[in-house]
Structures are given as structure tokens and as C-alpha cells.
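Chemist:
Chains as they are written, first to last, in the working numbering: chain A, 6 to 251; chain B, 6 to 251.
(1) So the candidates are B/73, B/109, B/101 and B/130; which of them puts its Cα closest to the Cα of residue 94 of chain B?
(2) Would you kindly check if the distance between the Cβ of residue 206 of chain A and the Cβ of residue 157 of chain A is under 9 Å?
(3) In the segment 162–181 of chain B, which residues sit with their C-beta less than 7 Å from some C-beta in chain A, listed in chain order?
(4) Are the C-beta atoms of residue 64 of chain B and some chain A residue less than 9 Å apart?
(5) Under 8 Å by Cβ, that's how I've got residue 10 of chain B and residue 39 of chain B pegged, so tell me the actual separation to the nearest angstrom.
(6) Could you check what DSSP says for residue 187 of chain A in three-state terms: helix, strand or coil?
(7) So, at 6 Å on beta carbons, what are the nonlocal neighbours of residue 5 of chain B in its own chain, with the 5 sequence-adjacent residues on each side left out?
(8) Can you name the residues of chain C whose CB is closer than 9 Å to the CB of residue 209 of chain A?
(9) Name, please, each residue of chain A whose Cβ falls closer than 8 Å to the Cβ of residue 23 of chain B.
(10) Of all the options B/65, B/41 and B/55, which has the alpha carbon lying nearest to the alpha carbon of residue 243 of chain B?
(11) For residue 229 of chain A, collect the residues of the same chain with a Cβ closer than 6 Å to its Cβ; drop the 5 residues on either side in sequence, then sort them by chain order.
(12) Of all the residues that make up the segment 66–83 of chain A, which are near chain B by a beta-carbon distance shorter than 7 Å?
(13) With DSSP collapsed to three states, give me the class of residue 159 of chain A.
(14) Strictly below 7 Å CB to CB, what residues from chain A border residue 38 of chain B?
(15) So, does the CB of residue 28 of chain B fall closer than 9 Å to a CB anywhere in chain A?
(16) Any beta carbon of chain A sitting closer than 9 Å to that of residue 51 of chain B?
(17) Return the CA-CA distance between residue 257 of chain A and residue 37 of chain B, expressed in angstroms with no decimal places.
(18) So, with DSSP's three-state summary, where would you put residue 68 of chain B?
(19) Under a three-way DSSP split, which group does residue 247 of chain A fall into?
(20) Output the residue ranges of the alpha helix (DSSP H) runs that lie fully inside the segment 68–152 of chain A and measure 4 residues or longer, sorted by chain position.
(21) What does the alpha-carbon distance come out to for the pair residue 232 of chain B and residue 208 of chain B?
(22) Using a Cβ-Cβ cut-off of 8 Å (strictly less than) and excluding sequence neighbours within five positions of residue 41 of chain A, which residues of its own chain qualify?
(23) According to a CB-to-CB cut-off of less than 7 Å, which residues of the segment 116–132 of chain B neighbour chain A?
(24) Could one say the Cβ of residue 189 of chain A lies closer than 9 Å to chain B's Cβ atoms, at least one of them?
(25) Please classify residue 213 of chain A as buried or exposed, where buried requires at least 16 neighbouring CB atoms within 10 angstroms.
(26) Does DSSP put residue 192 of chain B in a helix, in a strand, or in coil?
(27) So, at 6 Å on beta carbons, what are the nonlocal neighbours of residue 35 of chain B in its own chain, with the 5 sequence-adjacent residues on each side left out?
(28) From the DSSP output, read off the bridge partner residues of residue 234 of chain B.
(29) For residue 59 of chain B, which of helix, strand or coil comes out of DSSP?
(30) Taking 9 Å as the threshold (beta carbon to beta carbon), is residue 160 of chain B in contact with chain A?
(31) State yes or no: is the beta carbon of residue 213 of chain B nearer than 9 Å to at least one beta carbon in chain A?
(32) Short of 6 Å in beta carbon distance, which residues of its chain neighbour residue 151 of chain B, apart from the five on each side in sequence? Order them along the chain.
(33) From residue 187 of chain B to residue 238 of chain B, what distance separates their C-alpha atoms?
(34) Report the neighbours of residue 194 of chain B on chain A: residues whose CB is nearer than 7 Å to its CB, in chain order.
(35) Return the chain-ordered list of same chain residues with a C-beta closer than 6 Å to the C-beta of residue 71 of chain A, the five sequence neighbours on each side being excluded.
(36) Name, please, each residue of chain A whose Cβ falls closer than 7 Å to the Cβ of residue 41 of chain B.
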């Protein structure tokens, strides 16, 4: 049985948007903070992995959001690694309110990167055994985002900032999510909440790069948006979101 | 005697830069989180002030930094309102390490803004009495930042993003500090730490605006930078930093 790690988090003002709801970029920061805490408790913290020339990267997120927590709300964040194979580990998160109702479910795919070569490395027993996840040869098919409609889209550009780069020397996940969402108009964002989302990471963005964030609304369906983060024709990150009126 | 409120904070990965040190924008988020907690404990939380058509704004920061906390370090953040007059309240923060050494001292000047009129409002007993700060007619002369050298400067532009706007419907302080610092080169930022800083806020930046962040090095002195955030000739925010080699 996978080990579950739980931590209580109070939602601070700086984590919230204008409507005092937790933002998606900040949700991801909190989730990864809790998974690092689990790793630490099992003697497999970031320094342990780093000492082996490796770092964890996230390739895929799926978000199922009942509602985002509000400012000052105290939530429980649970996390557990469900399964792993030679290349990937699958980790889930559950965010619960004070009455143990599940507000958010997040499913993620992690891989190990060789920090020097900037390439994926094989996952070894040594690193993952303590989490007690199941080994399974099966490689999951994650839901893929839909490409933006290139006949009718929004586009904004973002230069990578000094503080976007984290301790693994890459752009922190939360900034990609900020770029993805910010390409929509503030009028739309202010009136809608994410209900479901998938995000895939394909290629790192480096310091000194400027990215293009493109988004479009699906014509045939209501309240779906499709997104990509590009540099010179290369796609670094893709996403699709389903929204509901706030 | 002013009431002191203290909270312990663990520095998370997402709060840190590439060198795993707490960033200045995130420090400000943590400080304001702790001062809001004090207000809450005294029945003067943000909702109390908001219900009176008011919100707190910060006009001035002074930072005296011995060292920034590292990732996973647990620090104590103390805060107390020292003094107030009709227009301003003065609040200080002290960040201490596990051995009670002071790592950071921050002195701030707050004012109340009428949310509707976007103008400063008079500070009333009703709002500030519980903090037990001293009333004093004396209006402090805060140290003013030096203007950037317009013959030799760096400049970058930043569009306000959706998530930059906080629950008071204005750009959160931390984003100004990000803009101020990011106009320096990443090479410089990576090799230096802030030792002392003053920041003044003069005029709000609004959604849909694009700001220019300018910075220059002082010629006659080593390791001082001067900064301004502008839109169409208006200055919104100014700062000066003294740096040391990291």
C-alpha cells in the first residue's frame, strides 16, 4: 500500500486572486511543497536526489476541481505515489476542506532528470522504494491537451524573469501555469473558474528566453480553452481547461 | 507598549530563488501574512477594515538584511505597530533564526485608503487602538530612494498580469519588488545579495497597464542600485538597494 502523507495548509492572502480564491499556480506550489515534505520524511528529499545528479520533473498534471479554497481557509493536502515503472512515477493529491470534503483532486506524472545531461533518467528502487508505490510495467496514457485553434487565438509574450528560476535551475512549474492562464482576458478569468484541466510539459524553457503563450476557445463546445507555450516554433507546454461560471 | 505578534514560518521551495534563498518579493508576502494574522487576532482583520470602505496600503519599506533564510529553514517573524498619527502607522518586522539571531529587520509605513475614492483616509482610534501603538503627532521622514541615473540605465517593461491583482483590487506589493529587481541582469542578481533597501510607493499601477522598470548603478559608490517603476512619465514606485557579494 502506498504511504499517504498529509499536511494542513492555511490559505494566505498572497496565494489568492482578486476574488480571494487560491490561484492555480499557487495550488501547484502548495502541492509540491507537501510532496517534498513526504520525501523528506522518508529520507528522499530533494538533496538526496540532487546528490545523485538527478532531479524530479513533472510531465503531466490533471486537475479535477470542485472548488478552490478561499483565503484563510484551512485545508488538508494528502499525497501518495500510486505506481511507478522504469520511466515514470504517478502521484496523486487530494485537497480537503475542514469537513473532509474533497475540493480538488490532482493526478501527476513525474520523471527523473539527469541534471547534467538534461535528459530523463531511469527510476531506481533505491529512490522510490520508501514510498511503497506499486511497480507496474504499464505506462499510462495521460489525457492530452487539445492544440489551440490557430485561426482564432489570443497571444501574449513573456520574458523569463530572474525569480522564475528555481533551485533546480529551471523555470518553476507555477510560472508556466501563470503564462498559460494569463493569455486569456482578465474579463473571462474574473468570471470563470477552472473545473478540469490537463497540462503537459514537453521541453524546458531556459533563462533569457521569451515565450509565446497562445490560447483559443473551442468553437463546438462551451467553456473549453486550449493553450500552448512556444518558443521559435517549439512547444514547451500544452494545456486544456474546462471552465464554469464563477 | 505595542503588542508584538510572532509566528513561525518554514521557508518552502517555491519561496526561494535558484540559490535556495528566500526572495525579497516572497519575504514581503510572508511579512504581510503575519501582520494580517495580528490584525485578525485583535479583531481588526482585512474584512473589518474593508467593511468600513477602507484598505491598508504600504507607502514605504526599509529592509536591513543580515542574511536571507534558506529553504526549509524555520524562522520566527515578529511584528508590532510602533507609532501612529492622523495619516500613517509605522510597523516593524523582525525575522529571527532558530537561535534568535535577527536575520532581517523591516520598517514600514502604512496608510489607510478609501477604497471607493482611491484616496488616503484619516486613521481613527477605532481601527488602531487594539494594537496599542503610541500616538505621536510627529510624521517621520523616511529615507528616500535615489533616482536612477538617466544617462546609463537598464530598462525592462512588464504588463500587469491577471494574477498580479490581489483581493484589494490592486497590484500586490510583491510584484513591484519583482519588477524592480528583475530589471538588473541575472548575472548581477545571481552573485549579489541585498544588504539594505528602501522602497516607496507613490501611485497605484492598474490592470491593463504596462510599466517600465528602470535601474542604474551608482557611479561614485560601489554596489548601490537605484530604481523606478514608471508609466507614461509618472513614477509609481522607487527604490534604492545596497548589495554585497553573495
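Glycine included, C-beta positions come from ideal geometry on N, C-alpha and C.
Modeler: In terms of the structure at hand:
(1) The shortest C-alpha to C-alpha distance from residue 94 of chain B to any of B/73, B/109, B/101 and B/130 is the one to B/130.
(2) If you check the CB distance, residue 157 of chain A and residue 206 of chain A do not come in under 9 Å.
(3) Result list: 166, 167, 168, 170, 171, 172, 174, 177 and 179.
(4) At a cut-off of 9 Å, the C-beta of residue 64 of chain B has no neighbouring C-beta in chain A.
(5) Yes, they are in contact, since the Cβ atoms of residue 10 of chain B and residue 39 of chain B sit about 7 Å apart, within 8 Å.
(6) In the structure shown, residue 187 of chain A adopts helical secondary structure according to DSSP, grouped into three states.
(7) The requested residue 5 of chain B does not occur in the structure, where chain B is confined to residues 6 to 251.
(8) Chain labels in this structure do not include chain C; the protein chains are A and B.
(9) Within 8 Å Cβ-Cβ: 170, 171, 172 and 174.
(10) Proximity to residue 243 of chain B across B/65, B/41 and B/55 peaks at B/65, based on C-alpha coordinates.
(11) Sequence-distant Cβ neighbours of residue 229 of chain A in its own chain, meaning closer than 6 Å and more than five residues away, are 223 and 247.
(12) Listed in sequence order: 76.
(13) Three-state result, residue 159 of chain A: strand.
(14) For residue 38 of chain B, the C-beta contacts it makes with chain A under 7 Å involve 17, 18 and 19, in order along the chain.
(15) True, the Cβ-Cβ gap to chain A drops below 9 Å.
(16) It does: the Cβ of residue 51 of chain B has a partner Cβ on chain A nearer than 9 Å.
(17) Any property of residue 257 of chain A remains undetermined from this structure, which presents chain A solely from 6 to 251.
(18) The answer is strand: DSSP assigns residue 68 of chain B an E or B state.
(19) Residue 247 of chain A sits in a strand when the DSSP states are folded into three classes.
(20) Complete alpha helix (DSSP H) runs here, min 4: 130–133.
(21) Cα to Cα, residue 232 of chain B sits roughly 15 Å from residue 208 of chain B.
(22) Taken in chain order, the residues that qualify are 50 and 51.
(23) Answer set for the segment 116–132 of chain B: empty.
(24) By this cut-off, residue 189 of chain A is an interface position.
(25) With fewer than 16 other Cβ atoms inside 10 Å of its own Cβ, residue 213 of chain A counts as exposed.
(26) In the three-state reduction of the DSSP assignment, residue 192 of chain B falls in the helix class.
(27) Only 14 meet the Cβ criterion.
(28) Answer is B/218 and B/242.
(29) Strand.
(30) Chain A has no Cβ within less than 9 Å of the Cβ of residue 160 of chain B.
(31) So yes, residue 213 of chain B belongs to the interface.
(32) Cβ neighbours of residue 151 of chain B beyond the five flanking positions: 231 and 245.
(33) Approximately 20 Å, taken between the alpha carbons.
(34) Within 7 Å of the CB of residue 194 of chain B, the CB atoms of chain A belong to 167, in sequence order along the chain.
(35) Spatial neighbours of residue 71 of chain A in its own chain (CB-CB distance under 6 Å, excluding positions within 5 residues in sequence) are listed in chain order as 108.
(36) Within 7 Å Cβ-Cβ: 18.
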